[in-house]
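1 is the number of the first residue of the sequence shown in full-length UniProt numbering; add one for each residue after it.
Cβ atoms here follow ideal geometry from the backbone N, Cα and C, with glycine treated the same way.
Written out below as structure tokens is the structure these notes cover.
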Amino acid sequence: MIETRILTGDAVGAALDDLARLRIAVFRHWPYLYDGDLDYERDYLKVYQSPGAVVVAAYDGDRMIGASTGAPMEDHASDFAAAFAHRPEQLDEIFYCAESVLLPEYRGHGLGHAFFDGREAQGRALGRKYSAFCSVKRPADHPDRPADYRPLDGFWQKRGYAPLPGVVAEFEWKDIGDDHATKKPLQFWMRAL
């Protein structure tokens with residue numbers, strides 16, 4: 001039986017290692033191709049123990065099989081402030097729906113909606129006006145792109161999100177097979193709450 005749980009504060013701390021391992025496993029695949037590191041993940045994920053942050057976690061019994069993170073956008077200001085510098089929305093009006101990871105065998109059963117529902121509810125509870133996330137942009141002709149890859153654009157649009165023209169951040173990570181990290185463009189999507 002699949003169960004979703006809302007984790008905040010200390011509950012996030014208790015789940016950090018499971019969340020870190022899950023992110024490394026899922027993000028190894030297209031479009032991220034992330035060559036993850038457990039120590040880096042543990043450090044990165046500490047932001048989700050801050051006030052206002054949330055993790056919507058999916059469990060199959062005691063096993064975390066998926067999770068989605070979110071936090072006030074200003075918690076990520078050092079990474080994303082430049083992308084929003086010319087937008088009318090202020091960072092403290094936005095709830096950032098960060099990463100969603102779900103093991104492949106559990107996809108297609110509505111957990112994506114549960115992940116967004118939980119994060120958007122947290123944003124509303126904090127009085128935020130907007131919900132935003134970003135998606136990695138890879139070239140259509142990238143050699144590692146699977147032939148059967150289906151972007152999630154349609155799913156996001158049905159939830160009311162739209163890409164923000166020109167609102168692109170850069171974040172760097174090491175791709176599988178590379179010897180160093182490189183910057184990747186991340187396209188922001190947003191909707192009113």
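- Exclusion of the five residues before and after Ala83 leaves Val167, Val168, Ala169, Phe188 as the residues of its chain whose Cβ lies within less than 7 Å of its Cβ.
- Restricting attention to beta strand (DSSP E) runs no shorter than 3 residues, the stretch 75-117 encloses them at 94-102, ordered along the chain.
- From the listed residues Asp62, Gly9, Arg63, Pro31, the smallest Cα separation to Leu45 is found for Gly9.
- Val12 places its beta carbon 8 Å or farther from that of Arg119.
- At a Cβ-Cβ threshold of 8 Å, Arg191 and Gly154 do not count as neighbours.
- A residue is called buried once 16 or more other Cβ atoms fall within 10 Å of its Cβ, and Leu33 is buried on that count.
- Assigned with DSSP and collapsed to three states, Trp156 falls in helix.
- Boundaries for Ile176: no beta strand (DSSP E) harbours it, and the DSSP string shows neither H nor E there.
- Non-local C-beta neighbours of Asp75 in its own chain, meaning closer than 8 Å and more than five positions away in sequence, comprise Val47, Ser50, Gly52, Ala53, Tyr96, ordered along the chain.
- Exclusion of the five residues before and after Met64 leaves Ala15, Asp18, Leu19, Leu22, Ala57, Ala58 as the residues of its chain whose Cβ lies within less than 8 Å of its Cβ.
- With a threshold of 16 other beta carbon atoms within 10 Å, Glu99 meets it and is buried.
- Nearest C-alpha to Asp39 among Ile24, Trp30, Pro31, Arg28: Ile24.
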